[in-house]
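First up is the structure itself, then whatever we jot down about it.
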Amino acid sequence: MAKHATPMLDELEKGPWPSFVSDIKQEAAHRAANPNGLDYQIPAEAPEDLLGVLELSYEEKETHWKHGGIVGVFGYGGGVIGRYCDQPEKFPGVAHFHTVRVAQPAGKYYSTKFLRDLCDLWDLRGSGITNMHGSTGDIVLLGTQTPQLEELFYELTHKMNVDLGGSGSNLRTPAACLGQSRCEYACYNTQDMCYQLTMDYQDELHRPAFPYKFKFKFDGCPNGCVCAMARSDFAVVGTWKDDIKIDQEQVKAYAAGELKPNAGAHAGRDWGKFDLQAEVVDRCPGHCMKWDGAKLSIDTKHCVRCMHCINTMPRALHIGDERGASILVGAKAPVVDGAQMGSLLIPFIDCSAPYDDVKEVIEKIWDWWMEEGKNRERVGETMKRLSFQKLLEVTDTEAAPYHIVQPRTNPYIFFKEEEVPGGWERDIKQFRERHQR
Amino acid sequence: MAFISSGYRPEKPMEGRISDIGPHKYDSYFPPVIAENFGKWLYHEILEPGVLMHVAEGGAKVYTVRVAGTRTMSITHIREVCDIADKYCNGFVRWTTRSNIEFMTDSEETLAALKADLATRKFDGGSFKFPLGGTGAGVSNMIHTQGWVHCHTPATDASGPVKCVMDAVFDDFQNMRLPAPVRISLACCINMCGAVHCSDIGVVGIHRKPPMIDHEWADQLCEIPLAVAACPTAAVRPTKVEHDGKKVNTIAVKADRCMYCGNCYTMCPAMPIADAEGDGVIIMVGGKVSNRISKPKFSKVVVGYIPNEPPRWPSLTKTIKHILDVYATDAQKYERLGDWAERIGWQAFFEKTGLQFTHHLIDDFRDPAYYTWRQSTQFTF
Ligand code: HEM
Ligand code: HEM
Ligand code: SF4
Ligand code: SF4
Ligand code: SF4
Ligand code: SF4
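Okay, here's the thing in structure tokens:
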């Protein structure tokens, strides 16, 4: 028998999509049965009370969670989010319900051994409810009490050899697409760069020293599966410089309808016969492709590497061999000053381990931002306040047309004093000898 | 309950302490076929919705079965995922960025058995545990945030509306009939932990009433200057009022300057903002992050308010389904929702979708607003 009646939530058990309500109910049943005879370290009825407090929110259309307060593990500024229920008497099982973020492996491949160990730990010391995964990418263990935090951290680090993720004004848990592990479009080893940088910047990750949060994300190509350009202060997006490799025989096979275009991605509707001219050549944003019925050619100089032709004919076209990445800086969600997309800073950077070139750029940006950034100002906002030119300057980057969509439309140019012959100190007396007052 | 020690000794926190060890290395848990062919993949094909085949240079193949996961997930469910992975996938499994789960195998027979097994698994309530889909030109799983399940600032729930929207567009999760991929996401307040600002369809929780002020507690619960500084529109100022016959230090909010962002509440618990009537969601459309054909772009607000209608959010799901259907009918192949809206023009977008245009949809937030007004005589009647 359920502890709380949940008539509204029960409506969310209907329909085909996996129901999180059914899932929490099965966890509640598991804890009530306690098949492994655990001495649960937080109340066994936590899942029941989670459903109860959620049902109350469904009735009242208001949340019942309070501000976190400061909880965490010794020496770390992030990784734990404090959370208390504002109806603790009614729902004692979730009166204290803190979140623990666990660092995920880049690309999110797991062994069942690792997952089962984590489940065992969370069975004993937490609510049994998780988020797989939080929106930054970490494993989120949802709901435990303060005395369990150090115990969890101890078991994670000593027995599972894994650390907490980041939160707060520090480096957030970086994330990467699955890259070369299973994608032919990956222009560099996204998982390795993500892993190496995460390891090299552990201090920045755990101990807040920044004006505000800072996120890295790594996409292997311009398709952008982890949305680096839109979601990270520092986006590394794979790209290449030389020719797209063309297998003309396979191109012909696509044109003749022998191969499934788009790797089958549009198979759910009859779109008519594949039309190479209309669907690929005419849609190329670089206007750089030609198809004469027998041969496809690409004028590499004008290719903007949008991926469309490669996505459309993955068996015929392959990314070039001179590979690296572009770096875009300053993306953020709308709070407070409006959403920002990453702006292109470095068009091409070498991406071979140990990634010194990339780290050099990161550290130059950090030095500047830690010096100049205001409290709770994302680097994208600092860029807006102090100018893109300033970012170029601190990263020793030469201004070039690829940095812009169009040049400025106003004449309010700031010159550097040394750019103007004679500088800004002038002699008013001399001026007056030439011009009366 | 007897406290079980992990070995940690609170009186000596630094003794044997391990810190800064980071995540496990990414290649610790590669299935053998992934490890062997790392960096050697040649091409891929979507064999059917939810099933991918990747082929490597040497001819090796890996089949991936992609199934929906709910982001809020119990350990009982994760253990079931492990059972499946142990049975069919040598004990390996992966999650995608959009909370899908991927089972991989290099054998066609295993693939068939795996698919058959997954199809039979249902929750007691009747929903599928592991529906296949989320590939190609269809709708993938929704990215979402915490909502009433765990956060203090939400203007709507997250898991619930996501369940309802995904039920409504379930066919398009399991099909690939759309002109291009459609990514839907939901954030339960404008902090947008889910970064929905570049989605084809984004749902964002909003408040519509300025915060209340708990004069009795303001000075005790809050650093008043922090609350003042937190407000992006300078609507908050410190003040003194009479409360229970006493003069107290507190806060005043200039209501007509407030755009209900809740930043002040995050700084100061004595300024609660949630309100059953005030809260609800907006719908934003037309964002993308891929560089394919057109450049990445932000989503735009096309519905300025929909009330919270728990438990099934009927107005929200109906509107999303409708936008999706009009797009599916009218857009050209390869056009993302935003590309389509830009080609036909936003005027035509409102005509074709029948969505009501109201003053709420005109940007008035700071400088960038100006660039979204029509500075031309080119429009249609
Ligand atoms: C100023 C903006 C933001 C504020 C004030 C904020 C605040 C919060 C708060 C209070 C929570 C706790 C929810 C809970 O109780 O579990 C949370 C969770 C989280 N936030 Fe944010 N957030 C912001 C923006 C973002 C953005 C843009 C991202 C990522 C792109 C993000 C990623 C996360 C993640 C990963 C979590 C953990 C759970 C989840 O995935 O929802 N946050 N945030
Ligand atoms: C039309 C442009 C796009 C193409 C051609 C594309 C291509 C791909 C491919 C080939 C994969 C499979 C990689 C693999 O697992 O082997 C993939 C996965 C993925 N893509 Fe994209 N992508 C596109 C746009 C996007 C966008 C805009 C987003 C995010 C907003 C996105 C998010 C994802 C995610 C999260 C995955 C992991 C699987 C999933 O959860 O469905 N993709 N994409
Ligand atoms: S971003 Fe590019 S390389 Fe990475 S998984 Fe997506 S398509 Fe593949
Ligand atoms: S990648 Fe894009 S720009 Fe380059 S040739 Fe292909 S379609 Fe044209
Ligand atoms: S989007 Fe807002 S309400 Fe939702 S989890 Fe993030 S901070 Fe909390
Ligand atoms: S809700 Fe936002 S705009 Fe309104 S007073 Fe608070 S901080 Fe200012």
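Residue numbers (the numbering used here), protein chains in the order written: chain A, -17 to 419; chain B, 323 to 703. Ideal Cβ placement from N, Cα and C applies to all residues, glycine included.
Have a look at the options and flag the residue whose alpha-carbon is nearest the alpha-carbon of residue i.
{"i": "V82 of chain A", "options": "A:P243, A:T126, A:C101", "result": "A:T126"}
{"i": "A382 of chain A", "options": "A:L326, A:A212, A:N171, A:H284", "result": "A:L326"}
{"i": "P560 of chain B", "options": "B:A552, B:A574, B:G567, B:H529", "result": "B:A574"}
{"i": "I506 of chain B", "options": "B:L374, B:L369, B:V607, B:F701", "result": "B:V607"}
{"i": "K95 of chain A", "options": "B:V403, B:D446, B:N422, B:I423", "result": "B:V403"}
{"i": "M426 of chain B", "options": "B:P354, B:D479, B:I465, B:S396", "result": "B:P354"}
{"i": "T398 of chain B", "options": "A:P129, A:K7, A:K341", "result": "A:K7"}
{"i": "C473 of chain B", "options": "A:N244, A:H80, A:E231, A:R107", "result": "A:H80"}
{"i": "G54 of chain A", "options": "A:E132, A:G34, A:E261", "result": "A:E132"}
{"i": "S109 of chain A", "options": "A:K141, A:Q23, A:E407", "result": "A:Q23"}
{"i": "L203 of chain A", "options": "A:G220, A:F192, A:P193, A:M211", "result": "Before going further, note that residue 203 of chain A is Cys rather than Leu in the sequence given. Out of A:G220, A:F192, A:P193, A:M211, A:G220 has the C-alpha closest to the C-alpha of C203 of chain A."}
{"i": "G161 of chain A", "options": "A:Y177, A:T112, A:G57, A:F413", "result": "A:Y177"}
{"i": "R696 of chain B", "options": "B:R331, B:G667, B:Q678", "result": "B:G667"}
{"i": "K347 of chain B", "options": "A:A245, A:F397, A:Q388, A:L179", "result": "A:L179"}
{"i": "G64 of chain A", "options": "A:A15, A:P29, A:L123", "result": "A:L123"}
Below 8 Å, is the gap between the Cβ of residue i and the nearest heavy atom of ligand 4?
{"i": "R13 of chain A", "result": "no"}
{"i": "R305 of chain A", "result": "no"}
{"i": "P267 of chain A", "result": "yes"}
{"i": "C333 of chain A", "result": "no"}
{"i": "H290 of chain A", "result": "yes"}
{"i": "C270 of chain A", "result": "yes"}
{"i": "I326 of chain B", "result": "no"}
{"i": "R658 of chain B", "result": "no"}
Going by the C-beta, is residue i closer than 8 Å to any heavy atom of ligand 3?
{"i": "T478 of chain B", "result": "no"}
Taking 8 Å as the cut-off, is the beta-carbon of residue i closer than that to any non-hydrogen atom of ligand 6?
{"i": "H284 of chain A", "result": "no"}
{"i": "A540 of chain B", "result": "no"}
{"i": "A210 of chain A", "result": "no"}
{"i": "H537 of chain B", "result": "no"}
{"i": "A298 of chain A", "result": "no"}
{"i": "P560 of chain B", "result": "no"}
{"i": "G584 of chain B", "result": "yes"}
{"i": "P193 of chain A", "result": "no"}
{"i": "M534 of chain B", "result": "no"}
{"i": "H529 of chain B", "result": "yes"}
{"i": "I595 of chain B", "result": "yes"}
Counting along the chain, where does the beta strand (DSSP E) carrying residue i start and finish?
{"i": "R305 of chain A", "result": "305 to 311"}
{"i": "G374 of chain B", "result": "The sequence shown places Leu at residue 374 of chain B, rather than the Gly named in the question. Per DSSP, L374 of chain B belongs to the beta strand (DSSP E) from 373 to 378."}
{"i": "K234 of chain A", "result": "No beta strand (DSSP E) holds K234 of chain A; the alpha helix (DSSP H) holding it covers 230 to 237."}
{"i": "I111 of chain A", "result": "111 to 114"}
{"i": "M271 of chain A", "result": "271 to 273"}
{"i": "L327 of chain A", "result": "325 to 331"}
{"i": "T427 of chain B", "result": "422 to 427"}
{"i": "H537 of chain B", "result": "Premise fails: H537 of chain B lies in the alpha helix (DSSP H), 537 to 543, not in any beta strand (DSSP E)."}
Starting from residue i and walking both ways along the alpha helix (DSSP H), at which residues does that stretch end?
{"i": "G482 of chain B", "result": "481 to 490"}
{"i": "M142 of chain A", "result": "Segment: none, M142 of chain A is in no alpha helix (DSSP H) and carries neither H nor E."}
{"i": "I397 of chain B", "result": "397 to 410"}
{"i": "M352 of chain A", "result": "338 to 354"}
{"i": "M175 of chain A", "result": "172 to 182"}
{"i": "E9 of chain A", "result": "2 to 15"}
{"i": "W662 of chain B", "result": "659 to 666"}
{"i": "A(-16) of chain A", "result": "Neither: A(-16) of chain A is in no alpha helix (DSSP H) and is coded neither H nor E."}
{"i": "K568 of chain B", "result": "No alpha helix (DSSP H) contains K568 of chain B, which is instead part of the beta strand (DSSP E) from 568 to 575."}
{"i": "V421 of chain A", "result": "One cannot answer for residue 421 of chain A here, as it falls past the ends of chain A, which runs -17 to 419."}
- Message: Give me the pocket residues for ligand 3, defined as CB within less than 5 Å of any heavy atom, sorted by chain position.
- Response: A:C159, A:C165, A:Y167, A:A168, A:D201, A:G202, A:C203, A:N205, A:C207
- Query: Hey, which residues come within less than 5 Å of ligand 5, measuring from Cβ to any heavy atom, in chain order?
  - Reply: B:T467, B:Q468, B:C473, B:T475, B:P476, B:A509, B:C510, B:C511, B:N513, B:C515
- Item | Selection of the segment 305 to 317 of chain A by Cβ proximity to chain B, strictly under 8 Å | A315, P316, V317
- Query: Which residues, in order along the segment 277 to 288 of chain A, keep a beta-carbon less than 9 Å from a beta-carbon of chain B?
  - Reply: V286, R287, C288
- Query: In the segment 639 to 660 of chain B, which residues sit with their C-beta less than 7 Å from some C-beta in chain A, listed in chain order?
  - Reply: K655, Y656
- Message: Can you pull out the residues from the segment 507 to 534 of chain B whose beta carbon lies closer than 7 Å to at least one beta carbon of chain A?
- Response: I512, N513, M514, C515, G516, A517, H519, C520
- Item | Short-range partners of chain B found in the segment 320 to 339 of chain A, where Cβ spacing is below 8 Å | G320, A321, M323
- Query: For the segment 208 to 220 of chain A, which residues have a CB atom closer than 7 Å to at least one CB atom of chain B, in sequence order?
  - Reply: V208, C209, M211, A212, R213
- Message: Any C-beta of chain B within less than 7 Å: which residues of the segment 257 to 276 of chain A qualify?
- Response: E261, R265, P267
- Closer than 7 Å, Cβ to any Cβ of chain B: which residues of the segment 359 to 388 of chain A, in chain order? none
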